[in-house]
Amino acid sequence: MSSARRSSILGGLAALALLPALAGCTGPSESSTPTSAAPDGTVPAVAEGAFPAEVPLIEGTTAGSEIVDGAWVERVEIESQEAADPVIKEQLSGAGFTGGGATAGGQRVLGYQNASYSVEVTFETADTGAVAIYTVRPL
């Protein structure tokens, strides 16, 4: 067997081995049902545990709720990243979280934490505008 063919086969096997690990990276699970966030930013509990009430979410329609690797992941539809960014910063700061935002490789990331949780908010474009993706991990 040639070394090029062997490399191709090994590469294919490595890619297959990674599929289960990448399965959770495709967005909201099919069991997620859109619900509206309340004006105070709270969203219904995810299946495996309640989303922390002390983490405010921007007002919008929930586009998915799940727990991935011990972190709560909430996807909220928003009009635009530019309009949501200062609102999210103000909400998290007002709730006692400290942190800030940065842009790396064209991706905007907000990182905040308090004594109990770390919160990372990223954004992606959607058909209806944009989506704010909150990833909340217990400390």
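With mature numbering (1 follows the signal peptide of the UniProt record, and there is no 0) applied, the sequence shown covers -23 to -1, 1 to 116. Even glycine gets a Cβ: it sits at the ideal position worked out from N, Cα and C. On a predicted model such as this, the values are computed, not experimentally measured, just so you know.
Within its own chain, the residues whose Cβ lies closer than 6 Å to the Cβ of T99, once the five positions on either side in sequence are excluded, are V86, I110, listed in chain order.
DSSP, reduced to helix, strand and coil, places A61 within a helical segment of the structure shown.
Looking at the DSSP output, I55 sits in a beta bridge with A107.
One Cα belongs to Y89, the other to G78, and the distance between them is close to 9 Å. For A72, same chain residues with a beta-carbon under 8 Å away, outside a window of 5 residues either side, are E31, V32, P33, N91 in chain order.
In the three-state scheme derived from DSSP, where H, G and I count as helix and E and B as strand, S70 is classed as helix. When secondary structure is reduced to three states using DSSP, A92 falls in the coil class, being assigned neither helix nor strand.
Collapsing the DSSP output to three states places V32 in coil.
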